[in-house]
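The structure appears below as structure tokens.
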Amino acid sequence: MTKNNGRKKLTFGFLNRFYTPSANDNRSSYHTGLSLLKQAEQTGLSTGWVAQHHFHTETGALPSPLLWLAHAAQHTRTIRLGTAIIILPLEPALRLAEDAAVLDILSNGRLELGLGKGFDRESFEHFGIPLEERGRIYDDHLAKLSNALAGKRITDDLVLSPPTPELAQKIWESSRNIHDVALRGNGLILAPQPPDKPSHSLLIEQYLNFWRDQNSQKAARIAFMRAIIPGADKKTVESEIGSDILRYVRRFVPEASANNLQTYLKNAGVFWGHPDEIIEDMSKDTALQYISHFAAQVQTFSTHEDQASHRLRLYTEQIIPAVNSLFGEA
Amino acid sequence: MTHPFKLGFLTHVSADAEPQTTYHNLIKLFVAAEKLGYGSGWIAQHHLSRGTGLSPSPLLLLSAISAHTEHIHLATGITVLPFEDPIRLAEDATLLNSLSKKRVQLGLGSGGANVVSFPAFDVEYEKRATIFNDKLYALQNEFENSTLSDTQDLRKKLWQSHSTPEGAALAAQQGNGLLLGTAVHNPATVQKPLAETYLNTWKDALEKPRLGIIRAVFPASDRKTAQQELAPDLRPFGDWLKREKLADGDISTAEIINKLNVHHGSVEDITSSLQKDPCLFDYLTDFIVVVQSASSTIDDAIKRLEIIAKHIAPTFGWKSRSSD
């Protein structure tokens with residue numbers, strides 16, 4: 001595996017999960033999301049990604065990413081608009097294809113369609129879809145979605161309208177079934193890996209090998225989504241986000257203690273501290289040299305708009321130039 | 001003679017240009033209508049229309065429009081409910097209601113005119129009425145059981161489109177609005193009985209019934225000019241009327257216009273024909289005009305909306321929001 005082999009130039013983005021502690025504040029989170037997206041566009045980020053949450057799980061306030069992006073597309077001109085991710089088993093596949101096609105046209109071809117299987121039991125129960133069958137349903141919905149987007153016949157002579165054949169080339173998957181993702185020619189979204197799972201480097205190596213077998217003429221698309229929380233120094237940032245991180249970890253580890261905060265941060269793939277400390281830590285992450293896109297999440301559950309905007313500025317002004325000079329030359 | 005009513009317009013988002021231009025023009029149409037004082041704009045849903053339908057996702061289009069408007073209500077006319085997941089629909093409508101500061105109106109139908117699309121969506125056409133009812137209740141539950149004001153609000157913004165007295169009665173029993181005016185339904189023999197069933201079944205003393213009536217209105221210098229302008233776009237409707245067994249043999253443009261109840265001609269012509277329409281201002285709370293045929297340009301459409309708002313609707317007692 002050689003550096004930059006078969007990948008595109010490294011680009012940078014921003015991921016918003018619309019964390020909103022009280023559902024009554026949803027409106028203000030949509031407003032904040034818009035101003036952060038505009039800031040991201042003005043500071044040259046290539047892509048603004050948004051996450052989907054149903055029923056305000058994990059305090060995420062955005063159940064309808066494509067509808068929000070249709071609105072946001074009217075307030076921006078150049079930044080690409082991504083979903084990271086849409087929980088595909090819970091979407092009627094053909095309706096999703098229609099919405100994605102309309103959004104891609106409304107936004108002048110700026111949509112990047114990221115998909116995932118989902119894991120939240122409560123959400124699946126509400127939709128009446130068995131969590132255990134999400135893998136099978138995901139594959140089924142993805143096949144229908146891809147066919148429709150590619151302009152193939154759905155039934156009789158009916159095809160998706162409006163037609164957007166380019167969109168079939170802009171699908172991303174957050175999945176550990178690396179082989180399937182490469183086989184389908186889709187981009188790979190890598191979220192932080194738990195310590196007991198295969199490392200990113202291994203996943204990327206497998207993906208690139210499969211990719212070269214299948215898609216020799218096209219560049220592979222690999223995106224990292226990681227939390228980047230810049231501030232005065234590690235200790236200060238830990239006091240800013242400590243309670244949010246513990247709250248998150250306690251969903252899976254109820255006895256989680258503040259004494260182990262740094263371990264939790266590392267396991268969750270968070271880069272935190274002074275921008276120089278973050279750059280130093282990122283320079284040691286060898287997987288970064290093989291990716292084509294890096295998207296930073298700068299908010300935790302209770303981050304205020306000003307703080308998010310400040311962190312986004314540190315990310316774009318200080319961290320990106322340094323990371324780009326380390327890993328960016330394609 | 002007439003009571004105050006709201007004025008709206010409905011568009012099918014016909015593909016008069018490249019999709020991107022069509023969407024851009026759609027936004028222009030809403031902005032212009034809002035300036036003219038229109039209270040609502042309704043977007044129809046058309047699925048998989050063999051490459052010609054550009055409106056499979058009215059809520060997404062309305063979301064883009066919400067970024068450019070402040071007052072006009074953003075409505076679907078209608079959403080084909082059997083093809084939707086009620087939870088996802090409730091989520092989308094809620095987000096749009098939040099983004100637009102509660103301007104959403106949600107029109108629902110069973111998709112009877114979309115017969116060819118049912119297999120693609122894995123829905124049995126014969127069961128569409130039952131499926132519609134089940135999904136309507138599910139959707140209403142989503143709104144009623146929510147603690148969010150932007151969601152609860154939608155419970156009073158539902159409209160149903162029906163062609164049977166049972167459907168009209170259901171809309172009244174559920175406290176929902178009723179939309180009438182599908183071109184194939186004769187105003188005197190079909191629409192009027194539906195309107196009366198709806199109003200007679202309405203029981204809620206605290207809320208008023210909402211009756212939206214849709215009419216094609218084509219202002220031109222005179223009737224003949226309007227007919228000439230409409231002729232090429234109406235030809236396919238002649239075949240359609242024959243298929244629906246509403247006409248047979250050679251059918252002239254004037255006959256098609258008559259069957260489809262298109263009010264056309266000069267301001268005086270239209271005013272007089274609207275007065276004679278047997279199912280209109282005596283019943284409606286919302287007068288919803290369709291001003292585009294397939295080849296209408298955006299400028300044609302805006303001009304027609306202007307003539308209706310300035311010279312026709314006021315005759316029947318309508319007051320523009322800006323003149324309040």
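As given, the protein sequences belong to chains A and B, one line each in that order. Each residue of the first sequence is one higher than the one before, counting from 1 in our numbering. Each residue of the second sequence is one higher than the one before, counting from 1 in our numbering. Cβ atoms here follow ideal geometry from the backbone N, Cα and C, with glycine treated the same way. No experiment lies behind these values; they were computed from the predicted model shown.
Could you compute how far the alpha carbon of residue i sits from the alpha carbon of residue j?
i, j, result
"Lys9(A)", "Ala223(A)", "12 angstroms"
"Ser332(A)", "Pro56(B)", "Past the edges of chain A, shown from 1 to 330, lies residue 332(A), and the structure says nothing about it."
"Leu230(B)", "Lys303(B)", "16 angstroms"
"Asn25(B)", "Ile87(A)", "32 angstroms"
"Ala169(B)", "Asn145(B)", "24 angstroms"
"Glu280(A)", "Pro321(A)", "13 angstroms"
"Trp202(B)", "His71(B)", "29 angstroms"
"Ile307(B)", "Leu167(A)", "41 angstroms"
"Leu96(A)", "Leu203(A)", "28 angstroms"
"Asn124(B)", "Leu37(A)", "Before going further, note that residue 124(B) is Glu rather than Asn in the sequence given. Cα-Cα distance, rounded: 42 angstroms."
"Ala30(A)", "Gly60(A)", "Per the sequence shown, residue 30(A) should be read as Tyr rather than Ala. Spanning the two alpha carbons is a distance of roughly 11 angstroms."
"His274(A)", "Glu238(A)", "11 angstroms"
"Gln262(A)", "Tyr19(A)", "22 angstroms"
"Lys234(A)", "Asn259(A)", "15 angstroms"
"Ser149(B)", "Leu194(B)", "32 angstroms"
"Leu90(A)", "Gln307(A)", "33 angstroms"
"Trp240(B)", "Thr43(A)", "54 angstroms"
Report the neighbours of residue i on chain A: residues whose CB is nearer than 8 angstroms to its CB, in chain order.
i, result
"Ser60(B)", "The displayed chain sequence assigns Leu, not Ser, to residue 60(B). Within chain A, the residues near Leu60(B) are Leu66, Leu67, Ala70, Asp99, Val102, Leu103, Leu106."
"Pro165(B)", "Those do not exist, as Pro165(B) stays about 31 angstroms from chain A at its closest Cβ, beyond 8 angstroms."
"Glu91(B)", "His54, Pro63, Ser64"
Quick one: grab the DSSP three-state call for residue i.
i, result
"Arg153(A)", "coil"
"His200(A)", "helix"
"Asn16(A)", "strand"
"Leu96(A)", "helix"
"Ile308(B)", "helix"
"Asp281(A)", "helix"
"Leu211(B)", "strand"
"Arg103(B)", "coil"
"Phe124(A)", "helix"
"Thr164(A)", "coil"
"Val115(B)", "helix"
"Leu95(B)", "helix"
"Thr22(B)", "helix"
"Asp324(B)", "A caution first: Asp324(B) carries a pLDDT of 44, below 50, which makes its placement in the model too unreliable to give a value."
"Gln297(A)", "strand"
"Arg250(A)", "coil"
"Val123(B)", "coil"
"Glu205(A)", "helix"
Could you name the residues of chain B that residue i contacts, counting a contact when the two beta carbons are closer than 9 angstroms?
i, result
"His126(A)", "Ile87"
"Arg27(A)", "Ser98, Leu99, Lys101, Asp150"
"Ala219(A)", "Those within 9 angstroms of Ala219(A) in chain B number zero; the least Cβ separation is about 27 angstroms."
Quick one: which chain D residues come within Cβ less than 7 angstroms of residue i?
i, result
"Pro219(B)", "In the structure shown, chain D does not exist; the protein chains are A and B."
So with CB distances below 9 angstroms, who are the chain A contacts of residue i?
i, result
"Gly53(B)", "Ser161, Pro162"
"Ala172(B)", "Near Ala172(B) there are no residues of chain A at all, since even the closest Cβ is about 29 angstroms away, more than 9 angstroms."
"Glu84(B)", "Pro92, Arg95"
"Tyr283(B)", "Result: empty, since nearest Cβ-Cβ is about 34 angstroms, beyond 9 angstroms."
"Val330(B)", "For residue 330(B) there is no data in the structure shown, the boundaries of chain B being 1 and 324."
For a contact defined as C-beta to C-beta under 7 angstroms, what are the partners of residue i on chain A?
i, result
"Tyr23(B)", "Ile105, Leu106"
"Pro19(B)", "Ile105, Pro162"
"Ser57(B)", "Glu98, Asp99, Val102"
"Ser110(B)", "Chain A residues near Ser110(B): none, gap ~16 angstroms exceeds 7 angstroms."
Name the chain B residues that come within less than 7 angstroms of residue i, Cβ to Cβ?
i, result
"Ile154(A)", "Leu48, Ala120"
"Gln74(A)", "Ala64, Ala67, His68"
Anything in chain B within Cβ reach of residue i, meaning under 8 angstroms, just list it in chain order.
i, result
"Tyr30(A)", "Leu95, Ser98, Leu99"
- [ ] Would you check if the segment 50 to 70 of chain A and the segment 130 to 140 of chain A touch, i.e. whether three or more CB-CB distances between them fall below 8 angstroms?
- [x] no
TODO: Could you say if the segment 112 to 131 of chain A and the segment 37 to 55 of chain A meet the contact criterion of at least three C-beta pairs nearer than 8 angstroms?
DONE: yes
Open item on the list: Check whether the segment 217 to 231 of chain A and the segment 283 to 291 of chain A are in contact - that is, three or more C-beta pairs closer than 8 angstroms.
Closed with: yes
Open item on the list: Under 8 angstroms, with one C-beta from each stretch per pair, do the segment 291 to 299 of chain A and the segment 310 to 326 of chain A reach the 3-pair mark?
Closed with: yes
Open item on the list: Could you check whether the segment 131 to 149 of chain B touches the segment 75 to 94 of chain B, counting it as contact only if at least three pairs of C-beta atoms, one from each stretch, sit closer than 8 angstroms?
Closed with: yes
Open item on the list: Counting beta carbon pairs with one atom in the segment 181 to 196 of chain B and one in the segment 292 to 299 of chain B, are three or more of them shorter than 8 angstroms?
Closed with: no
TODO: Count the CB pairs spanning the segment 131 to 138 of chain B and the segment 71 to 87 of chain B that are closer than 8 angstroms, and state whether there are at least three.
DONE: yes
Open item on the list: When you compare the segment 173 to 182 of chain B with the segment 147 to 162 of chain B, are there three or more beta-carbon pairs, one atom per stretch, that lie closer than 8 angstroms?
Closed with: yes
- [ ] Kindly provide the ranges of any beta strand (DSSP E) runs that are 3 or more residues long and lie completely inside the segment 52 to 111 of chain A, ordered along the chain.
- [x] 80 to 87
Task: Stretch pair the segment 40 to 50 of chain B + the segment 8 to 15 of chain B: three plus CB contacts closer than 8 angstroms - done: yes
Task: Validate contact between the segment 216 to 229 of chain B and the segment 251 to 267 of chain B using beta carbons, cut 8 angstroms, 3 pairs - done: yes
Open item on the list: For the segment 196 to 210 of chain A against the segment 232 to 249 of chain A, do three or more pairs of beta-carbon atoms, one drawn from each stretch, fall closer than 8 angstroms, so that the two count as touching?
Closed with: no
Task: beta strand (DSSP E) segments (min. 3 residues) lying fully within the segment 171 to 236 of chain B - done: 177 to 180, 211 to 219
Open item on the list: Using a Cβ distance threshold of 8 angstroms, determine whether the segment 101 to 112 of chain A contacts the segment 158 to 165 of chain A, with at least three qualifying pairs required.
Closed with: yes
TODO: Please determine if the segment 196 to 214 of chain B and the segment 277 to 286 of chain B are in contact, where contact requires at least 3 C-beta pairs separated by less than 8 angstroms.
DONE: yes
Open item on the list: Ignoring anything shorter than 3 residues, give me the beta strand (DSSP E) runs that lie fully in the segment 203 to 245 of chain A, in order along the chain.
Closed with: 222 to 230
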